[in-house]
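Chemist: Chains P and E supply the protein sequences, listed in that same order.
In this text, residue positions in the first sequence follow the working numbering: the first is 1, and each later residue adds one.
In this text, residue positions in the second sequence follow the working numbering: the first is 524, and each later residue adds one.
Following this message is one structure expressed as structure tokens.
Number of protein chains: 2
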Amino acid sequence: MKIGLAQLNYTIGDFEGNKLKIISSISNAKSQNIDLLVFAEQAICGTPAYDLLNKITFLDLCEETLVEIASHCEDIAVIVGLPIACDNKTISVAALIQNRQIIRYVGKKDILSRDEQRHISPSKGCQYVSIGGHKVAIVVGEDIRSEEEFGQYADTIINISANPYARGIIEDRYSFFRTLSYKTGKNVVFVNQVGGQTDVIFDGSSVVFNSKGESIAILNSFDEDYASVDLDADMPHVELPYQNKTVNVYKAMKLGLGDYFHKNGFTKACLGMSGGIDSALVMAIAAEVIDPKDIKTLLMPSPFSSDHSVDDALKMAKSLGVDYDVIPISEIYQTAVDTMKPVLGGTPFDVTEENMQSRIRCMLMMAVSNKYGHILLNTSNKSEVAVGYGTLYGDWSGGISITADLYKTEIYDLARYINRDKEIIPEEIIVKAPSAELHPGQVDTDTLPAYDVLDAILYRMIEKGEHREEIVNAGFDVDVVNRIHAMVIRNEYKRYQSCPFLRLSTCTFGVGRILPLTNKYGY
Amino acid sequence: MKIGLAQLNYTIGDFEGNKLKIISSISNAKSQNIDLLVFAEQAICGTPAYDLLNKITFLDLCEETLVEIASHCEDIAVIVGLPIACDNKTISVAALIQNRQIIRYVGKKDILSRDEQRHISPSKGCQYVSIGGHKVAIVVGEDIRSEEEFGQYADTIINISANPYARGIIEDRYSFFRTLSYKTGKNVVFVNQVGGQTDVIFDGSSVVFNSKGESIAILNSFDEDYASVDLDADMPHVELPYQNKTVNVYKAMKLGLGDYFHKNGFTKACLGMSGGIDSALVMAIAAEVIDPKDIKTLLMPSPFSSDHSVDDALKMAKSLGVDYDVIPISEIYQTAVDTMKPVLGGTPFDVTEENMQSRIRCMLMMAVSNKYGHILLNTSNKSEVAVGYGTLYGDWSGGISITADLYKTEIYDLARYINRDKEIIPEEIIVKAPSAELHPGQVDTDTLPAYDVLDAILYRMIEKGEHREEIVNAGFDVDVVNRIHAMVIRNEYKRYQSCPFLRLSTCTFGVGRILPLTNKYGY
């Protein structure tokens, strides 16, 4: 049996576009005499569609599209994912089409994704079917993880999925499927979605293992791809590619940013450049995804900005060919301080005036956005988002953040990767001490521990969910751990009002970790 | 059998405080010879605790607190709610304590609340026990709605719950429980949480119906309360109170705002007053909940503000005795426009400059907040949140919104209710045409339909989930419906970055209705 794997980039709710992609893929597969063509979970509508999944009109369109797809399936079997209504609930199914008929729906049992838990209900799980004389088990999504054994009912396991990227997940998946095929002695075909859907990034990385646990087809990560295997032939083993985490994150960021723009019809971006590493990294990646002529940056020095910051940012903006202006904010800042004298007069300079500078910059960037239609790119990183080192309605703002799920140490890794062939981010920006430059001589380590220490503590706290005691027992200073912990808890309110963060880790703030704002418990 | 109902206001994660309340209630009940004292679902930890529910240390504290509570239960049976760990998952249970022993856990089967769907797993549901010779069914939360019949196993159904307020829900609940007791011929005891937890408001409204469907104990709505019933005596029927929706919303807002401040240790609030009805209503309610001396308001006229707006706002601020300043923003605005000349010069005045005014006001209000610790109260309403008629990082900002789940027409209802005995909100503010005053002579109806039409359309779209066709078929203009619909869809990105909205309706933006930002589907 020849099985084709169609790894495509769908758009949520774009039934026409998704359908055309699917039908064109079916047409190509037929010309190659493919017996069974497999598409990903929820291919027909795109995912995560959230409350659209509970709209009858949306589900009706899913079904109508499926019927039209089926009409193109003479001489080929197709498995394609979609949501359907079932007993007043919505379930996620794999539809099996044979001889232009929708033969069967296989529903998903385990709803593990937080994006689906409020919108998709559990169904019955794995089913066994015969396709061209082959015994096939069809499994949707994470059900593959809970299925204990596939017994004598199947030679081949087909798992359609919409499993998003997170750091380390590609290796984990390969390893899981290799073990599954080896232990069960069955062929395993995994077809995943690819593409960005606002903050969610599907990496693709579809794969086929034969019954000996050997990979015989490996599809691209972070790109559309197609492959086919002949399960009756003795296909050669293809080596699994080495996974470099920094490279994967880099590709994920480009795909996520690109699709956010492309799928929403945005063409222009803007961001403020401070001369710091975060905005430099965002700019470097944006300029690879968006035409530099369509990127506008403002350099907005305040009385506390150092000369080298402006110079470094200017150097980078010029070399990338993006549109820039230097707009000093000193006058606006001074006017604001003067205007507020009746209220704030006589108080010492503090975080109020620091935030004021940041909020003025936000106002100016949003003016660019409002006037010319540029989407403001946020430049926060996960370390500062965690401890609240940033200004709500100031540098916390933006249409989307591609960096807010990356710890500061990872920002540096990416900056060095970006510069692998030539200097795109000026070396001065990479080597200088990080500073918000909101008061004279400020550096981040005035109030934060060194980033390698901070990030190590945060990673244990956030990604690993460790309790403070565990972190201290691992050798970190108890006072530092307690102080960081208190900052993380106290700043949940800022994260509540964040823009979408491209999800790059196993625990992205906002979705992966939600705490009550009113909360007396310090765990 | 004498049953006591303890309707208490818990704080999330405040194990010590919650425990003291519970033990004190037990002590009082013992002195009244109560046989069984019933507390609400998740009384021990408060709810919704989100990801805290998946922390072992949090669940350990729940259990330790339960054990300590049990040690106070000589000569009295107690039913109290808490989350417990079960097979690596978290379930919500009613613990039954008899003779100082934890006799049984009854788990919740149906997880219907969106606040719990990611954090609580389904358990087995209703169980039957014997308490003092009485046959009792114990049911947690919404399981009460799916239980078909209680057969011969119980004389009395006890339902512990943490069921939040939403417009109309109190009548609905009364009606459901009355029908349940009448149809099953059993006593029904319902004990609910009361109190605000950030955006969620529990209204209490605990109640007992006898086996004839008569209410025999009715506890307060929006306040702590206690009552007891003797199921062996012939207790008199107590009339169910009439529910006025405006009054209930008013009480819910006060409770929600008060607990947000009280439980978080906040004492001071600030808000900008425009002279419009929204900020006037927020001010009126804030001044009932927070000491007016601890409320700071700024009146921030721009070149486009009308004199009467400032006068009306001033009149109200003075009469309430709140701290106020008039801070014209014209100079800051002009300096910002001048500074941005290299970027914006030569373009006509548009929404950019309108938003600039709003963002300057946000910056000034946040300066008050940062300098003196006042929590900024947002003044948006649901009509404008729906259509995006507001400025992100401008008037969209705040620590909490008590009005953003109220349509503009409901804002007027509340304003009239606030003025029921004397004029608190100046009549001028209520009667004038709504305007954002961001350009000369602007009124809301320049770009929006009249609010009664807009709100009627929005209510069908949001609360009732109607498709555009259905709304048009109900008699609304097709062009208006399509235009409103497009605005609602287009502005999902602004709602993504909202502050917490006190939940007052059956479909609050952000929780009750979540759409993908990247979405080609216009339903």
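From the three backbone atoms N, C-alpha and C, an ideal C-beta is built for every residue, glycine too.
These figures come from a predicted structure and were not determined experimentally.
When you compare only the Cα positions, how much space is there between E:H595 and E:R623?
Modeler: Here residue 595 of chain E is taken as the residue at index 72 of the second sequence, counted from 1. Here residue 623 of chain E is taken as the residue at index 100 of the second sequence, counted from 1. If you take the alpha carbons of E:H595 and E:R623, they lie about 7 Å apart.
Chemist: Straight-line CA distance for E:V761 to E:G708?
Modeler: For the purposes of this step, residue 761 of chain E is identified with residue 238 of the second sequence, where counting begins at 1. For the purposes of this step, residue 708 of chain E is identified with residue 185 of the second sequence, where counting begins at 1. Rounded to whole angstroms, E:V761 to E:G708 spans 18 Å at the Cα level.
Chemist: Between which two residues does the beta strand (DSSP E) holding E:F725 run?
Modeler: Position 202 of the second sequence, counting from 1, holds the residue named residue 725 of chain E. Counting along the chain, the beta strand (DSSP E) containing E:F725 begins and ends at 723-726.
Chemist: In three-state DSSP terms, what is E:V966?
Modeler: Start at 1 with the first residue of the second sequence, and residue 966 of chain E comes out as number 443. Of the three classes helix, strand and coil, the one that applies to E:V966 here is coil, per DSSP.
Chemist: Please report the straight-line C-alpha distance between P:V191 and P:L414, rounded to a whole angstrom.
Modeler: As a position in the first sequence, residue 191 of chain P is number 191, starting the count at 1. As a position in the first sequence, residue 414 of chain P is number 414, starting the count at 1. If you take the alpha carbons of P:V191 and P:L414, they lie about 29 Å apart.
Chemist: Beta-carbon within less than 6 Å of E:L822's beta-carbon, same chain only, minus the 5 sequence neighbours each way: which residues are those?
Modeler: Translated into positions along the second sequence, residue 822 of chain E becomes position 299. So the list reads M796, V833, A836, V849, once near-sequence residues are dropped.
Chemist: What are the complete beta strand (DSSP E) segments, minimum 3 residues, inside the region 599-632 of chain E?
Modeler: 600-609, 612-621, 624-630
Chemist: I'd like to know whether the C-beta atoms of E:I808 and E:I925 end up nearer to each other than 8 Å.
Modeler: Along the second sequence, one-based indexing puts residue 808 of chain E at 285. Along the second sequence, one-based indexing puts residue 925 of chain E at 402. Yes; because the gap between Cβ atoms is below 8 Å, this pair is in contact.
Chemist: Can you check whether the C-beta of P:D14 is within less than 8 Å of a C-beta belonging to chain E?
Modeler: To locate residue 14 of chain P, count along the first sequence from 1; it is residue 14. Yes, contact with chain E.
Chemist: Given a cut-off of 8 Å, decide if P:Q193 and P:A162 are closer than it, judged by their beta-carbon atoms.
Modeler: If you number the first sequence from 1, residue 162 of chain P lands on position 162. If you number the first sequence from 1, residue 193 of chain P lands on position 193. Going by C-beta atoms, P:A162 is nearer than 8 Å to P:Q193.
Chemist: Which class does P:G4 belong to by DSSP, given the choice of helix, strand or coil?
Modeler: Here residue 4 of chain P refers to the residue found at position 4 when the first sequence is read from its first residue. Of the three classes helix, strand and coil, the one that applies to P:G4 here is strand, per DSSP.
Chemist: Of all the options E:S892, E:L915, E:V891, which has the alpha carbon lying nearest to the alpha carbon of P:A367?
Modeler: Position 367 of the first sequence, counting from 1, holds the residue named residue 367 of chain P. Measuring from the Cα of P:A367, the nearest candidate turns out to be E:L915.
Chemist: For E:L1027, count neighbouring Cβ atoms within 10 angstroms of its own Cβ and tell me buried if that reaches 16, exposed if not.
Modeler: Taking the first residue of the second sequence as position 1, residue 1027 of chain E is located at position 504. Under a 10 Å Cβ-count criterion, E:L1027 is classified as buried, with 16 or more other Cβ atoms of the shown protein chains found around its own Cβ.
Chemist: How many Å lie between P:S130 and P:V38 at the Cα?
Modeler: Here the question's residue 130 of chain P lines up with position 130 in the first sequence. Here the question's residue 38 of chain P lines up with position 38 in the first sequence. The alpha-carbon atoms of P:S130 and P:V38 are separated by roughly 15 Å.
Chemist: Using 8 Å as the Cβ pair cut-off and three pairs as the minimum, do the region 899-919 of chain E and the region 975-995 of chain E touch?
Modeler: yes
Chemist: Is the number of C-beta pairs between the region 415-424 of chain P and the region 439-455 of chain P that are closer than 8 Å three or more?
Modeler: no
Chemist: Please classify E:P824 as buried or exposed, where buried requires at least 16 other C-beta atoms within 10 Å of its C-beta.
Modeler: Counting from 1 along the second sequence, the entry for residue 824 of chain E is found at position 301. It is buried - the Cβ of E:P824 has at least 16 other Cβ atoms within 10 Å.
Chemist: Please list, in chain order, the chain E residues whose beta carbon lies closer than 7 Å to that of P:Q117.
Modeler: By 1-based counting over the first sequence, the position of residue 117 of chain P is 117. Within chain E, the residues near P:Q117 are Q640, R641.
Chemist: Please confirm whether P:K520 has its beta-carbon closer than 8 Å to some beta-carbon of chain E.
Modeler: Within the first sequence, numbered from 1, the residue matching residue 520 of chain P stands at position 520. So, interface residue.
Chemist: If you measure from the beta carbon of E:C885 to each beta carbon in chain P, is any gap under 8 Å?
Modeler: Within the second sequence, residue 885 of chain E is the residue found at index 362, counting from 1. With 8 Å as the cut-off, E:C885 counts as an interface residue toward chain P.
Chemist: Would you mind sorting E:T820 into buried or exposed? The rule is 16 or more other CB atoms within 10 Å of its CB.
Modeler: Walking along the second sequence from the start, residue 820 of chain E turns up at place 297. Counting Cβ neighbours within 10 Å, E:T820 comes out buried, since at least 16 surround it.
Chemist: Could you name the residues of the same chain whose beta carbon sits closer than 6 Å to that of P:Y324, not counting the 5 residues immediately before and after it, in chain order?
Modeler: Along the first sequence, one-based indexing puts residue 324 of chain P at 324. Answer for P:Y324: T297, A317, listed in chain order.
Chemist: Please state the DSSP three-state secondary structure of E:R1036.
Modeler: Taking the second sequence and counting its residues from 1, one reaches residue 1036 of chain E at position 513. The answer is strand: DSSP assigns E:R1036 an E or B state.
Chemist: Taking all protein chains shown into account, decide if P:K341 is buried (16 or more other Cβ within 10 angstroms of its Cβ) or exposed.
Modeler: Residue mapping note: residue 341 of chain P aligns to position 341 of the first sequence, counting from 1. It counts as exposed.
Chemist: Going along the chain, which residues of the region 988-999 of chain E sit with their C-beta nearer than 8 Å to a C-beta in chain P?
Modeler: For the region 988-999 of chain E, which is checked against every Cβ of chain P, the residues closer than 8 Å are G988, H990.
Chemist: Please decide whether P:V514 counts as near chain E, where near means a Cβ-Cβ distance under 8 Å.
Modeler: Numbered from 1 along the first sequence, position 514 holds the residue referred to as residue 514 of chain P. In the sequence on display, residue 514 of chain P carries Ile and not Val. Yes, P:I514 lies at the interface with chain E (some Cβ there is under 8 Å from its Cβ).
Chemist: Any beta carbon of chain E sitting closer than 8 Å to that of P:F58?
Modeler: To locate residue 58 of chain P, count along the first sequence from 1; it is residue 58. Taking 8 Å as the threshold, the shortest C-beta distance from P:F58 to chain E falls below it.
Chemist: Tell me whether P:F588 sits in a helix, a strand or coil according to DSSP, three-state version.
Modeler: Lying outside 1 to 523, the shown extent of chain P, residue 588 of chain P is not represented and no answer is given.
Chemist: Within the region 544-610 of chain E, note down every full beta strand (DSSP E) run reaching 3 residues or more, in order along the chain.
Modeler: 559-561, 600-609
Chemist: Is there contact here, the region 105-121 of chain P with the region 10-25 of chain P, by at least three beta-carbon pairs under 8 Å?
Modeler: No, because fewer than three Cβ pairs between the region 105-121 of chain P and the region 10-25 of chain P fall closer than 8 Å, the two stretches do not touch.
Chemist: Where does P:Y451 sit, in a helix, a strand or coil, going by DSSP?
Modeler: Here residue 451 of chain P is taken as the residue at index 451 of the first sequence, counted from 1. In this structure, P:Y451 counts as helix in the three-state DSSP scheme.
Chemist: Does any residue of chain P bring its CB to less than 8 Å from the CB of E:T721?
Modeler: Within the second sequence, the letter at position 198 stands for residue 721 of chain E. Judged by the 8 Å Cβ criterion, E:T721 is in contact with chain P.
Chemist: E:G536 and E:A563: beta carbons closer than 8 Å?
Modeler: Reading the second sequence from its first residue, position 13 is the one you call residue 536 of chain E. Reading the second sequence from its first residue, position 40 is the one you call residue 563 of chain E. Cβ distance not < 8 Å, so E:G536 and E:A563 don't count as in contact.
Chemist: Counting Cβ pairs closer than 8 Å, one from the region 484-496 of chain P and one from the region 524-532 of chain E, do we hit at least three?
Modeler: no
Chemist: For E:H642, which three-state DSSP category applies?
Modeler: Locating residue 642 of chain E in the second sequence gives position 119, where the first residue counts as 1. Three-state result, E:H642: coil.
Chemist: Check the Cβ of P:E331 against every Cβ in chain E and list those closer than 7 Å, keeping chain order.
Modeler: On the first sequence, position 331 is the one that residue 331 of chain P refers to. Going along chain E in sequence order, the residues near P:E331 (Cβ under 7 Å) are T858, T862.
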